[in-house]
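Chemist: Quick note, the sequence shown lines up with residues 347 to 1228 if you use our numbering. C-beta atoms are modelled at their ideal positions from N, C-alpha and C, and glycine is treated no differently. These numbers were taken from a predicted model, which means no experiment stands behind them. For reference, the structure I am asking about is given below.
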Amino acid sequence: MKNNRQHRNLRELFADVESSPEGLGGSEAQARLAKFGLNRLPPAPPKPWWQRFLDQFRNPLIAILVLAAFLSWLLGHPVDSTVIWAVILINTILGFVQEYRAENAVAALQSLLDPLALVLRDGRWQAMPATSIVPGDVLTVQAGERISADLALVEAHDLAVDESMLTGESFPVSKAALPDQSDEETDPGEEAQRRSMIYAGTLVTAGSGMGIAVFTGSATEIGRIQTLMTSLPPMQTPLLRRVDHLARSLSAVVLLLAAVALAVGLSHGQGLENTLLAAVSLAVAIIPEGLPAVISITLALGVQRMARLGAILRRLPAVETLGSVTVICTDKTGTLTRNRMQVATALLAESTIHAPFTAPPPQDREGLTKLATAAVLCNDAQMGEQEEALGDPMEQALLHFAHHLGLLSAEIREAHPRRDTLPFHHERKFMATAHDEGRVYLKGAPEVILELCAWEWHPLGLQPIDRKSWRGRIDALAEDGMRILALASGRSSENSWRDSIQGGWTLLGAVALLDPPRPGVQDAIQRCQMAGIRIQMITGDHPRTAAAIARHLGFMAPGDAVVTHEQWAAASAAERRHLAASTKVFARVHPEDKLQLVETLQGQDEIVAMTGDGVNDAPALRRADIGIAMGRSGSDVAREAAAMVLSDDHFAHIVAAVAEGRRVYANIRKTLQFMLPTSFAQGLVVLLAVLLDTEMPITPLQILWVNTLTASTMALVFAFMGGDPGLMQQAPRPPREALIPRALWRRMAIFTALTVTVVFLIFHYVLLDHTLVQARTLAVDTLMTMEAALLIALYGRPRQDRGDAVAGLALFLALLGQYLFGALPALQRLFSTSNLDGADLPILLGAGILSYGLARILWGAGPRAVAASGKDTSQKADGKTP
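See below:
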């Protein structure tokens, strides 16, 4: 059989799929099932757990620690080697667990296919699993069903399908069957082909039909999009890129300083073993082995905060990426809007009434009642038990319109039972229903209904219709992107009412429908704009409709142009870059357009967030720096592709996510400002001892103690720390801004120099009349005291949140641990320490005051100053500094 996506007529269709109107036989179906496979979307292969675990060792800092552990063992220091290995494994296991929890995606792609379908097999209709459908099967479809495969229509009876998941179009699409015969040389065109096809995953909203399966599984339109999605590697987030850059830079510095220490030690005649031990001590000192764990915990806490708001992060770094976003590319239908039509405006002969219609002007009450009665009677939708309408979205909106006026559709229909129906047809463009006493109601396109009417209803009686006035009013609403329906009524005999096309009816009025914005979206967009984030709408809907929503939400000016698929496809690379930078709304786009737009923006150094809920959004969701899917109304394919899912579909929560992301990034930066100065201070103390050919002030095991105690207590304070004021009034960070700008490196270098000087001087001062063990103990205590002072200075004033309590507890535990470090006999033997005496306390107090004072001078006097400490050079950052 041929895999054609276009067919001119039924004869060509049946020839291509090697089938007939009687369907397939059982044996042939089994053969095709073996050839084409089950009708399901193949799940993405999961990453093995062992590969996730080994990936933790790809960090260059961990690799250096592994080398240090081996060298310690070779040099005859098994205790040092064991402790280093313990630290490595603890941090590796923590990173593995966090990643496994965050990235273990839910395999839910199968839910887009119905579990059962009605298939013609062996000459009889059978209900069978949708997974067993093969190309050539004949199926029936009816209102309310989700399509299980890509079908070419053999029959269509007033069939309409909601394709918003694929196209973004708000309104159901009318479908028609392929003709029995056609001109062999005539190309039916793409639009005609799509009208005769219904696609897997879409929903039948009205009518019924019969089709033949042309494509199943991954060959369907959904499968094609999924293949495009899975062929794209997930983007590395800005934070991970910066942390990787920092890790590589630190690794280079560590190796360079270790080489210097080795060379100098050998030149001093200290012997290979001693110099290698010094190099190991330096590497262990400088590497902040607890940093990956602290960053993971900070991100995990951000994820938990977002989950409480209804935003579920599927990957840990996604929360920080939100704080880096410069552009949000958002779908319209179901994201900015409710994906539920509603009547926004009602037109009467002498009045224009706007929603919500709960308290209409008294003079318009009668006219609105007549209009709503016609809207209920000439309507196939039904009102459910929970006041939820079922059926075509526009007809559902008409029932809600009547409900807002206090009219019950069930009572109206009971009072005026329907006798006959003239269904809507795309060529006729209207629907008509006949009721008791010869009453007839019409509903349809305004241009058609206006021509069928000779009169218009007025409170004081019928008057000749003023078509020019009606057209002007209707065109004004259409310019605002609304869908207009006109309603008319009249009387006719039972035998002649179907000749209603002859005209002479009475126009009751018209209603303008739209898919309204979600509550809170406009405010959310304004807050995004205040935060310097650009909003771009990318939709498959009509350009006029998309522009109207964008203008209503306030991110598009009246004169701004809308770019369509045709314009984007015809544009050169340079023109696309210009369109991506200047356009607010892209309409009638294809899935490939969304992906190309995201890639174009990323090529301009933008950090792109893509929101969406449909299957058509999936490739761009995966390619974007962060994809945000709708959890309630979104498709499973979109949720699988996204890094974040909004469980209640509330676009406004994106603003809270951005604020949380900025808080997380700021606190990670503070963590680095806290951990790196002390780590470098330890390493430089070792290097200085090698250069001066003196005793080591701190041993490798003592260095590991300091690093472990710091990472498990004081460094965690910033993970719980609340956000600084004004985060959402700042522009997004420049995409190339370094994780630590040069100004912060200078400040950390000054603080590190002070720490090295103080620790080195105190060690040698104590060593004059005390033992080596006592001198090293006081050196370690001094280092921890200066770290605690730096923490207090960076934290700033109390913030009246959970971070205050965590900071107090962390300082208490760190001081308690440091006291036990010198007091417990077991720890004294392991780390070669001793008890402090009363004379040491003034030394520690002086070191702490000196450290705190310098930190306040360098970083400012409060949390706002600390937050802005790197901002003065952010615009100059070139990304070359880690």
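#1: Counting only runs of 3+ residues fully inside the segment 465-547, write out the beta strand (DSSP E) ranges in chain order.
#2: Which residue wins for smallest C-alpha separation from G900, given the options G886, A892 and Q868?
#3: Which one of S510, T1101, H750 and L655 has the shortest CA to CA distance from V1004?
#4: For H781, count neighbouring C-beta atoms within 10 Å of its own C-beta (all shown protein chains included) and say buried if the count is 16 or more, exposed if not.
#5: Whose CA, out of P1144, H996 and L1055, lies closest to the CA of L1161?
#6: Any chance you could list the alpha helix (DSSP H) runs of at least 4 consecutive residues sitting entirely within the segment 695-782, in chain order?
#7: CA-CA distance, A824 and V560?
#8: Whole angstroms is fine: what's the gap from V786's alpha carbon to A727's?
#9: So, at 8 Å on beta carbons, what are the nonlocal neighbours of A506 in its own chain, with the 5 sequence-adjacent residues on each side left out?
#10: Closest by CA to T1179, which one among T1123, A1134 and D995?
#11: Quick one: grab the DSSP three-state call for G1208.
#12: Let's see if you can read the secondary structure: which residues bound the beta strand (DSSP E) around K860?
#13: Nearest by alpha-carbon distance to E912: which of P889, V630, M902 and A894 is it?
#14: On the DSSP bridge assignment, give the partners of E952 in chain order.
#15: Straight-line CA distance for V689 to L854?
#16: So is S1229 buried or exposed if we call it buried at 16+ other beta carbons inside 10 Å?
#17: Suppose contacts are defined by Cβ-Cβ distances below 8 Å. Is A892 in contact with T885 by that definition?
#18: Consult DSSP for M1094 and reduce its assignment to one of helix, strand or coil.
#19: Could you pull out every residue in the same chain whose Cβ sits closer than 7 Å to the Cβ of A495, ignoring the five residues on either side in sequence?
#20: Would DSSP call I633 helix, strand or coil?
#21: Is it right to say N725 is buried, meaning 16 or more other beta carbons lie within 10 angstroms of its own, or is it exposed?
#22: Would you tell me roughly how many angstroms separate the C-alpha atoms of L459 and A1084, rounded to the nearest one?
#23: Starting from H804, follow its DSSP beta bridges and name the residues at the other end.
#24: Look at D971 and G680 and say whether their C-beta atoms are less than 8 Å apart.
#25: Would you tell me roughly how many angstroms separate the C-alpha atoms of V297 and F416, rounded to the nearest one?
#26: Please list the terminal residues of the continuous alpha helix (DSSP H) segment that includes Q306.
#27: Use the C-beta contact count for F1066: other C-beta atoms within 10 angstroms, 16 or more gives buried, fewer gives exposed.
#28: Using the C-alpha atoms, what's the distance from F382 back to E783?
#29: Can the beta-carbon of V671 be found closer than 8 Å to that of P1078?
#30: Have a look at L464, L682 and F1167 and flag the residue whose alpha-carbon is nearest the alpha-carbon of V1052.
#31: Using the Cα positions of L694 and D508, report the straight-line distance between them to the nearest angstrom.
#32: Assuming G977 and A987 form a contact by the criterion Cβ under 8 Å, report the distance between their Cβ atoms to the nearest whole angstrom.
#33: Judging by CA-CA distance, which residue of P634, G836, G807 and G615 is the nearest neighbour of R594?
#34: Which residues mark the beginning and the end of the beta strand (DSSP E) in which L833 is found?
#35: Rounded to a whole number of angstroms, what is the C-alpha to C-alpha distance between V452 and M956?
#36: I'd like to confirm the pairing. Which residues does DSSP put opposite S928 in its beta bridges?
Modeler: Considering the structure as presented:
#1: You should have 470-475, 484-488 and 496-508.
#2: Against the sequence shown, residue 900 aligns to sequence position 554. Closest option to G900, Cα to Cα, is Q868.
#3: Here residue 1004 refers to the residue found at position 658 of the sequence shown. Ranking S510, T1101, H750 and L655 by Cα distance to V1004 puts L655 first.
#4: Here residue 781 corresponds to residue number 435 of the sequence shown, with the count starting at 1. By the neighbour-count rule (16 or more Cβ atoms within 10 Å), H781 is buried.
#5: Sequence index remark: in the sequence shown, residue 1161 carries index 815 (1-based). Restricting attention to P1144, H996 and L1055, the CA atom closest to the CA of L1161 is found in L1055.
#6: Listed in chain order, the complete alpha helix (DSSP H) runs (minimum 4 residues) inside the segment 695-782 are 711-723, 739-750 and 755-761.
#7: Residue numbering aside, residue 824 sits at position 478 when the sequence shown is read from its first letter. Residue numbering aside, residue 560 sits at position 214 when the sequence shown is read from its first letter. The straight-line gap separating the alpha-carbon atoms of A824 and V560 is approximately 38 Å.
#8: On the sequence shown, residue 786 is found 440 positions in, with the first residue counted as 1. On the sequence shown, residue 727 is found 381 positions in, with the first residue counted as 1. Cα to Cα, V786 sits roughly 18 Å from A727.
#9: Looking up residue 506 in the sequence shown gives position 160. If we look at A506 and ignore the five residues flanking it on each side, its Cβ neighbours are P518, V519, S520, K521, V550, T551, A552, G553 and D738.
#10: Looking up residue 1179 in the sequence shown gives position 833. Nearest in C-alpha terms to T1179, of all of T1123, A1134 and D995, is T1123.
#11: Here residue 1208 refers to the residue found at position 862 when the sequence shown is read from its first residue. For G1208, the predicted model reports a pLDDT of 44, less than 50, meaning its position is unreliable; a value from the coordinates is still stated below. In this structure, G1208 counts as coil in the three-state DSSP scheme.
#12: Translated into the one-based positions of the sequence shown, residue 860 becomes position 514. In the sequence as displayed, the identity of residue 860 is Leu instead of Lys. Its beta strand (DSSP E) spans residues W851 to L860.
#13: Against the sequence shown, residue 912 aligns to sequence position 566. For the residues P889, V630, M902 and A894, the minimum Cα distance to E912 belongs to P889.
#14: Locating residue 952 in the sequence shown gives position 606, counting from the first residue. DSSP output for E952 lists no bridge partner at all.
#15: On the sequence shown, position 343 is the one that residue 689 refers to. On the sequence shown, position 508 is the one that residue 854 refers to. Straight-line spacing of the CA atoms in V689 and L854 works out to 16 Å.
#16: Lying outside 347 to 1228, the shown extent of the chain, residue 1229 is not represented and no answer is given.
#17: Locating residue 892 in the sequence shown gives position 546, where the first residue counts as 1. Locating residue 885 in the sequence shown gives position 539, where the first residue counts as 1. Their beta carbons are under 8 Å apart, which means A892 touches T885 by this criterion.
#18: As a first step, residue 1094 must be located in the sequence shown, where it is residue number 748. In the structure shown, M1094 adopts helical secondary structure according to DSSP, grouped into three states.
#19: Walking along the sequence shown from the start, residue 495 turns up at place 149. Correct list, in chain order: N385, I479, A546, A559, F561, T562 and T566.
#20: For the purposes of this step, residue 633 is taken as the residue at position 287 of the sequence shown. Coil.
#21: Locating residue 725 in the sequence shown gives position 379, counting from the first residue. The residue in question, N725, is buried, as its Cβ has 16 or more Cβ neighbours within 10 Å.
#22: If you number the sequence shown from 1, residue 459 lands on position 113. If you number the sequence shown from 1, residue 1084 lands on position 738. With a pLDDT of only 33 at L459, under 50, the local geometry of the prediction cannot be trusted, and the value read off the model is given with reservation. Approximately 46 Å between the Cα atoms of the pair.
#23: Start at 1 with the first residue of the sequence shown, and residue 804 comes out as number 458. In DSSP, H804 forms a bridge with G807.
#24: Against the sequence shown, residue 971 aligns to sequence position 625. Against the sequence shown, residue 680 aligns to sequence position 334. No. Outside cutoff.
#25: Look at the range of the chain in this structure, 347 to 1228, and you will see that residue 297 is not part of it.
#26: Outside the shown range of the chain, which is 347 to 1228, sits residue 306, and nothing can be said about it.
#27: Position 720 of the sequence shown, counted from the first residue, corresponds to residue 1066. By the 10 Å Cβ count, F1066 comes out buried.
#28: In the sequence shown, the residue the question calls residue 783 occupies position 437. In the sequence shown, the residue the question calls residue 382 occupies position 36. For E783 and F382, the gap between their C-alpha atoms comes out near 58 Å.
#29: Reading the sequence shown from its first residue, position 325 is the one you call residue 671. Reading the sequence shown from its first residue, position 732 is the one you call residue 1078. A contact, by the Cβ cut-off of 8 Å.
#30: If you number the sequence shown from 1, residue 1052 lands on position 706. Per the Cα distances, F1167.
#31: Position 348 of the sequence shown, counted from the start, is the residue given in the question as residue 694. Position 162 of the sequence shown, counted from the start, is the residue given in the question as residue 508. If I take the Cα positions, the gap works out to 30 Å.
#32: Position 631 of the sequence shown, counted from the first residue, corresponds to residue 977. Position 641 of the sequence shown, counted from the first residue, corresponds to residue 987. The C-beta distance from G977 to A987 rounds to 13 Å, too long to meet the 8 Å contact threshold.
#33: For this step, residue 594 is matched to residue 248 along the sequence shown. Cα-wise, what sits closest to R594 is P634.
#34: The sequence position of residue 833 within the sequence shown is 487, counting from 1. Where L833 is concerned, the enclosing beta strand (DSSP E) stretches over R829 to R837.
#35: Residue 452 sits at position 106 when you count from the first residue of the sequence shown. Residue 956 sits at position 610 when you count from the first residue of the sequence shown. Interpretation of V452 is limited by its pLDDT of 35, a score under 50 that renders its predicted location unreliable; no figure is taken from the coordinates.
#36: Residue mapping note: residue 928 aligns to position 582 of the sequence shown, counting from 1. In the DSSP secondary-structure assignment, S928 is not bridged to any residue.
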